[in-house]
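Encoded as structure tokens, the structure appears first; notes follow it.
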Amino acid sequence: MLVFVIRRTLQSVVVLFVMSLLVFAGVYAVGNPIDILISPQADQIDRERAIAALGLDKPLWAQYLSFLDGVAHGDLGRSFVHSTSAIGLILERMPATIELAASAMLIAIALGIPLGLWAGLKPNGVAGRTIMAGSILGFSLPTFWVGLMLIMVFSVMLGWLPSNGRGETTLLFGIPVSFTTVDGLKHLAMPATNLALFNLALLIRLTRAGAHEALLQDYVKFARAKGLTNARVIGVHVLRNILIPIVTVIGLQFGSLIGFAIVTESVFAWPGMGKLLIDSIGVLDRPVIVAYLLVIVTVFIVINLIVDVLYSALDPRVRLTETHG
Amino acid sequence: MSAPGEARVESPLRRIAADFLANPVAVFGLTLLAVIVFLALFAPLISPQNPYDLAQLDVMDSRLPPGAQSPTGGTYWLGTDDQGRDMLSAIFYGLRISLAVGIAATVLALLIGLAMGLTAAYVGGRVEALIMRIVDIQLSFPAILIALILIAVLGQGTGKVIAALVTVQWAYYARTVRSAALVEKRKEYMEAARCVALPPSRIVFRHLLPNCMPPMIVVATVQVAAAIALEATLSFLGLGLPITEPSLGLLIANGYQYLLSGKYWISFFPGIALLCTIVSINLVADQLRDVLNPRLQR
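Sequences listed follow chains A and B, in order.
Counting from 1 along the first sequence, just add 108 to a position and that's the residue number in the numbering used here.
Counting from 1 along the second sequence, just add 12 to a position and that's the residue number in the numbering used here.
Below, the structure is given as structure tokens:
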């Protein structure tokens, strides 16, 4: 296990390195680096001084090395707009995004797996068919529009929930969270539901397909023949076997939730890093864009690693130490 | 044409059509899609007004609710937006733009993906490893993220939105066509083609490609819907199409600011149009997947 984790970490460093090369090529070479790194408000003398200071007169490989040097020191440049460290800005907004994504995932798991099991066990019932039809809708509904409609119904027409912002936060282990207060929960409810929809549909379909298949297997027949209760057959035998793809997807989708949170955060003015990214793109605050990208790649790599480790814990057939990379 | 290559008495195309029409839900999807494509194609002819001809707009008519009468005697069935534009007409024109961008991006991505995937499968070795590595890395990131980053780097505009959509989507085609081609490559007809020393270009385009098409058609259908949704999302975020080409996403974004004052129709109806488009395409794709898959004959 330890060998596996170490090897994967080394691989991850390589991927991160390649990504840094791509980001560099994308932002520093494709775009005009002077426009990217120097505030458009600067006058001619400032511009020239900045060009020299940033080393933009040097050849490209030298620029990349100094960029890497900055990355290694945790320095991804300063935001033009906020004039603070770009990476600091991102990290400051990160808890809000993680909280939103985690809440959405919880909603999707808590509803998706039971509904999917239900549809899988009774595929021809009215409930099963309704659940499946609903999941197609969940795939097709554009996230941002559903967000608007939620605001329309629950904020404008019913007046139950606030339409934007994060609400009251309290510190939990030094991190501001909003699920501990009633006001925070009220603010969290709509964005989290909105973000959960796609994954809810995905989990329903995945669980249903798995349950449908597992029920026909010999081990389920054997378990029933042994006289085990229905609850035990489904809760232990079926669920444990279909959990492997589900855990993989949950893990991988958590990353995409953080990506799609960009849209939800914009609709509900949720102060997370996705909203920061959109605002930064709007005002061409490129150091923040670069910092966001490197942070998100790191997050993805960590998530993939966790998924692989969990995978082996759930399925003894997967022996991590014996994988060939 | 592109049917699974089995000897059958009836023509494969007719069998596929019959199988497709056997499912009422799929027929509903196809009909809805046909109506939407018709509306988009003939928008200038059937719209009550030209929503982008400023001479036809009257600010006095702005933000009227659905069903309101216009001073000239017409009815705004779906209300008007903040500039007095008939929402129904704006939606017809918006459909046109959304569909055009979605289809253009899909066709381009399909061509690039096909070329890369076939190259990977046919050449193999290092080329294959490199192409598939890129595909894997790209597919491990959410589409919206890649599109946003590209827009951030490239800047905005219709061409750049299409470029971003293509960059996001080619990987799906490359992966699909490669796996299909790897299966086909081992079949006897491919061996026969090589034995009679056909030139590689003929083997790839006349023998390999047509047999890889069924899964590609399904993926392409799904991806048209995905491209339309992604473009709408980008436009909603203000990073998509320019204001001169108002797609459905832009119309929805336009109504966002009026939503809180209860003027729901400016965002609501374009969203319904977008939803109908995506649902109808997905229903058609779902059924295509079943009828084009020879292993799923139930």
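We put the CB at the ideal spot given by N, CA and C, even for glycine.
- Taking one beta carbon from each stretch, the stretch 347-361 of chain A and the stretch 265-274 of chain A have fewer than 3 pairs nearer than 8 Å; the two do not touch.
- Per DSSP, the unbroken alpha helix (DSSP H) holding V49(B) starts and ends at 36-53.
- Among the bridge pairs identified by DSSP, Q81(B) is matched with T87(B).
- From the beta-carbon of M260(A), the residues of chain B found nearer than 7 Å are L271, Y276.
- L280(A) is bridged by DSSP to I283(A).
- For the options S292(B), M144(B), D31(B), L249(B), the alpha carbon positioned closest to that of A369(A) is the one of L249(B).
- Under the rule that a run must span 4 or more residues, the alpha helix (DSSP H) segments found entirely inside the stretch 176-217 of chain B read 200-207.
- Under the Cβ distance rule, S110(B) does not count among the residues neighbouring chain A, no pair being separated by less than 7 Å.
- L310(A) and A238(B) have their C-alpha atoms spaced approximately 15 Å apart.
- Inclusion of I143(B) and M128(B) in the CB contact set at 7 Å is warranted, their separation being smaller than that value.
- In this structure, R274(A) places its C-beta atom within 7 Å of the C-beta atom of A204(A).
- K230(A) places its beta carbon less than 7 Å from that of G236(A).
- Excluding the 5 residues flanking it on each side, L413(A) has same chain C-beta neighbours closer than 6 Å at R116, in chain order.
- Between T233(B) and V296(B) a beta carbon distance of about 6 Å is seen, short of the 8 Å cut, so the two are scored as contacting.
- The bridge partners DSSP lists for T238(A) come to none.
- Straight-line spacing of the CA atoms in P250(A) and Y276(B) works out to 17 Å.
- Distance from the CA atom of D183(A) to the CA atom of A46(B), rounded to whole angstroms, is 54 Å.
- Under the 7 Å criterion on CB atoms, V47(B) is classed as non-interfacial with respect to chain A.
- Here L51(B) has I58, F104, L107 as same chain residues with Cβ atoms under 8 Å from its own Cβ, once five neighbours each way along the sequence are excluded.
- Nearest in C-alpha terms to I158(B), of all of R97(B), W182(B), D98(B), G274(B), is W182(B).
- Considering only beta carbons, the part of the stretch 241-253 of chain B lying closer than 8 Å to chain A consists of A241, A244, T245, F248, L249, G250, L251, in chain order.
- Against G283(B), the close residues of chain A are P250, W253, L256, M257, in the order they occur along the chain (beta-carbon pairs closer than 8 Å).
- Distance from the Cα of K172(B) is smallest, within the candidate group D65(B), P254(B), R26(B), N35(B), for P254(B).
- DSSP places T372(A) in the uninterrupted alpha helix (DSSP H) bounded by 347-375.
- Taking a C-beta distance under 7 Å as the contact criterion, Y88(B) and V216(B) do not qualify as a contact pair.
- Inter-segment contact for the stretch 254-274 of chain B and the stretch 175-195 of chain B is absent: fewer than three beta-carbon pairs are separated by less than 8 Å.
- In the structure shown, D98(B) falls within a strand segment according to DSSP collapsed to helix, strand and coil.
- Interface with chain B (7 Å Cβ-Cβ cutoff): F175(A) is excluded.
- A241(B) and L245(A) have their C-alpha atoms some 13 Å from each other.
- Approximately 4 Å separates the beta-carbon atoms of V178(B) and A121(B); this is inside 8 Å, confirming the contact.
- DSSP places T301(A) in the helix class (H, G or I) of the three-state scheme.
- Contact residues of the stretch 300-318 of chain A toward chain B are absent (C-beta to C-beta distance below 9 Å).
- Listed along chain B are S152, F153, each with a C-beta nearer than 8 Å to that of F408(A).
- Close CB contacts of L124(A) within its chain, under the 7 Å cut and outside five residues either way in sequence, are with V405, T406, I409 (chain order).
- DSSP places Q325(A) outside any alpha helix (DSSP H), giving it a letter other than H or E.
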